[in-house]
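Here is the structure we will look at, set down as structure tokens.
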Amino acid sequence: MGLARYYRRFVKGFSIIASPSTKLLQKEVKFIWDDKCQENFETLKSLLTQAPILTLPIEGKEYVVYSDASHNGLGCVLMQEVKVISYASRSLKYLGTQKELNLRQRRWLELIKDYDCTIDYHQGKANVVA
Numbered sequence: 008m009g010l011a012r013y014y015r016r017f018v019k020g021f022s023i024i025a026s027p028s029t030k031l032l033q034k035e036v037k038f039i040w041d042d043k044c045q046e047n048f049e050t051l052k053s054l055l056t057q058a059p060i061l062t063l064p065i066e067g068k069e070y071v072v073y074s075d076a077s078h079n080g081l082g083c084v085l086m087q088e089v090k091v092i093s094y095a096s097r098s099l100k101y102l103g104t105q106k107e108l109n110l111r112q113r114r115w116l117e118l119i120k121d122y123d124c125t126i127d128y129h130q131g132k133a134n135v136v137a
């Protein structure tokens, strides 16, 4: 899993796909390789062996971030002129229990307020990119 995680930014939804296998690496968890683990392993293997279609960012052009989240994880795609620059994803541990922004989130909010950002909401079914 370590080497696969190195390439996670090239695989859309990596954390969600790898979640069953990653949970097996936790302490106090009995290692049981089931059909779900095998299916996700085959999916990751396929995605990691295909050439990613990413592009380098162009300075001065507009960026678009598509994001999506669930109770288990979140993911986003950074795009420019309808071309993918990068993917990012992460599994969640305790977002549902967190009621207020932590210090890091407040700093991010402080940082992005100086930029000219537009946030458009797309319903889950319509948000096919993220």
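Heads up, the final residue of the sequence shown is numbered 137 in the numbering used here, and it's a clean run with no missing numbers.
The beta carbon of each residue, even a glycine, is placed where N, CA and C say it ideally should be.
Relative to I24, the option among G9, V72, L110 and L54 whose CA is nearest is L54. When the beta-carbon positions are compared, E69 and Q45 stay at least 8 Å from each other. Between the C-alpha atoms of R113 and Y122 there is a straight-line separation of about 15 Å. Contact annotation: the region 15-31 touches the region 89-100, with at least three C-beta pairs closer than 8 Å. In this structure, the beta-carbon distance from V36 to K30 falls below 8 Å. Taking C-beta separations shorter than 7 Å and ignoring five residues to either side along the sequence, the partners of T50 in its chain run I24, following chain order.
Distance from the CA atom of V71 to the CA atom of M8, rounded to whole angstroms, is 30 Å.
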